[in-house]
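Q: Below are the structure tokens for one structure; questions will follow.
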Amino acid sequence: MIERDSNLANPALTNIIGKIEKAARLADRKPSDIALIAVSKTRNSDEIRPLLVAGHRLFGENRVQEAAAKWPGLKVEYPDIQLHMIGQLQSNKAAEAVALFDSIHSLDRPSLIKALAREMDRQDRHIPCFLQVNIGEESQKGGCDIKAIPDLLTLAGQSGIEIVGLMAVPPENTNPVPYFALLAKLARDHGLDRLSMGMSGDFETAIKLGATHVRVGTALFGPRATPAG
Ligand SMILES: *Cc1c(COP(=O)(O)O)cnc(C)c1O
13 MIERDSNLAN PALTNIIGKI EKAARLADRK PSDIALIAVS KTRNSDEIRP LLVAGHRLFG
73 ENRVQEAAAK WPGLKVEYPD IQLHMIGQLQ SNKAAEAVAL FDSIHSLDRP SLIKALAREM
133 DRQDRHIPCF LQVNIGEESQ KGGCDIKAIP DLLTLAGQSG IEIVGLMAVP PENTNPVPYF
193 ALLAKLARDH GLDRLSMGMS GDFETAIKLG ATHVRVGTAL FGPRATPAG
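For the sequence shown, the positions run 13 to 241 when the numbering used here is used.
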């Protein structure tokens, strides 16, 4: 999964990869089945470049405009960069999002699914997506209601969008285990293979419960100066 050049190692990256490998082994899983998304929101190119130099290629952003300003330049240097959209997405940004990202984790409502489907057809660029679930049933939080999953999966299928898995952010400051376990069960129930769950504070727990995509920001880059989504 993760390319490495030990001469150009990045200590934080090496540390997180080691922890992912250990968590995978403890769960009797293959480390190569777990993708590390380096969440680079709020980080500039100079902060991102050391990870690229160390061989890392998979990154996550939560704002279309910020990503559009930062990544096209880096993609010239590193054409094999993979960018995942992990933040809430407005339908009027669908065109830019489809052009820029290689996967979108935040599909959570019919209007967004329809807007993305139109753009994927128009740009002839069909990217795999995740359905985001509001797993803690919190108001003000992105993600669909658990009971909306079947209809959204049907709509995505009819619209020609490939949904490969479920994504969630559990409520803050609570034990994430029941939420990760529930998301894993919902994915199984719907025959979806991939699970985007786990952040800096809980990615090892998420791996134990089946995460295939962990989204790690601060543990790789250090604390963010300003809170961002
Ligand atoms: C910021 C963010 C992350 C990364 O959070 P860290 O705690 O910095 O690892 C993961 N997922 C989403 C959706 C985010 O917005």
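Even for Gly, the Cβ is constructed at its ideal location relative to N, Cα and C.
Quick check on the burial criterion: 16 or more other C-beta atoms within 10 angstroms. Buried or exposed for Glu131?
A: Here residue 131 refers to the residue found at position 119 of the sequence shown. Classification for Glu131: buried.
Q: Between the region 145 to 161 and the region 171 to 180, do at least 3 Cβ pairs fall closer than 8 Å?
A: Counting Cβ pairs under 8 Å, three or more are found: they touch.
Q: Curious, which full-length beta strand (DSSP E) runs of at least 3 residues does the region 87 to 169 contain?
A: Correct list: 94 to 97, 115 to 119, 141 to 144.
Q: Taking the CB atoms as reference points, tell me whether Val51 and Arg227 lie closer together than 9 Å.
A: Your numbering for residue 51 matches position 39 in the sequence shown. Your numbering for residue 227 matches position 215 in the sequence shown. In contact: Val51 and Arg227 (Cβ atoms closer than 9 Å).
Q: Following the continuous alpha helix (DSSP H) through Leu25, name the residue where it begins and the one where it ends.
A: In the sequence shown, residue 25 corresponds to position 13, counting from 1. Element bounds for Leu25: 23 to 38.
Q: Pull up the distance between the alpha-carbon of Leu2 and that of Ala231, whole angstroms please.
A: Outside the displayed span of the chain (13 to 241) sits residue 2, for which this structure offers no information.
Q: Tell me whether Asn242 counts as near ligand 1, meaning its Cβ is closer than 8 Å to at least one heavy atom of that ligand.
A: For residue 242 there is no data in the structure shown, the boundaries of the chain being 13 and 241.
Q: Is it buried or exposed for Gly169, if we count other Cβ within 10 angstroms and need 16 for buried?
A: For the purposes of this step, residue 169 is taken as residue 157 along the sequence shown, with counting starting at 1. Gly169 should be labelled exposed.
Q: From the DSSP output, in three-state form, read off Glu78 for me.
A: Locating residue 78 in the sequence shown gives position 66, where the first residue counts as 1. Looking at Glu78 - three-state DSSP - the assignment turns out to be helix.
Q: Please confirm whether any heavy atom of ligand 1 lies closer than 8 Å to the CB of Val145.
A: Position 133 of the sequence shown, counted from the first residue, corresponds to residue 145. Checking the Cβ of Val145 against ligand 1 gives no.
Q: Compare the beta carbon distance of Arg69 and Ile93 with 9 Å and say whether it is the shorter of the two.
A: Within the sequence shown, residue 69 is the residue found at index 57, counting from 1. Within the sequence shown, residue 93 is the residue found at index 81, counting from 1. The answer is yes: Cβ separation under 9 Å.
Q: Given 8 Å as the limit, tell me if Ile98 has its C-beta closer than that to any heavy atom belonging to ligand 3.
A: The model depicted lacks ligand 3 and carries ligand 1 instead.
Q: Compute the distance between the beta-carbons of Gly72 and Lys53, then report whether it is under 9 Å.
A: As a working note, residue 72 is residue 60 in the sequence shown. As a working note, residue 53 is residue 41 in the sequence shown. Cβ atoms of Gly72 and Lys53: closer than 9 Å.
Q: List the endpoints of the continuous beta strand (DSSP E) containing Ala47.
A: For the purposes of this step, residue 47 is taken as residue 35 along the sequence shown, with counting starting at 1. From DSSP, the beta strand (DSSP E) with Ala47 extends over 47 to 51.
Q: Would you decide whether Asp214 is buried or exposed? Buried here means 16 or more other CB atoms lie within 10 Å of its CB.
A: Position 202 of the sequence shown, counting from 1, holds the residue named residue 214. It counts as buried.
Q: Return the first residue and the last residue of the alpha helix (DSSP H) that Ser208 is part of.
A: Within the sequence shown, the letter at position 196 stands for residue 208. That residue, Ser208, is in no alpha helix (DSSP H); its beta strand (DSSP E) goes 206 to 208.
Q: For Leu195, which three-state DSSP category applies?
A: Counted from its first residue, the sequence shown places residue 195 at position 183. If DSSP states are grouped into helix, strand and coil, Leu195 belongs with the helices.
Q: Round the Cβ separation of Gly155 and Asp120 to the nearest angstrom and send it over; I've been treating them as touching at under 8 Å.
A: For the purposes of this step, residue 155 is taken as the residue at position 143 of the sequence shown. For the purposes of this step, residue 120 is taken as the residue at position 108 of the sequence shown. About 5 Å separates the two Cβ atoms, so the contact holds.
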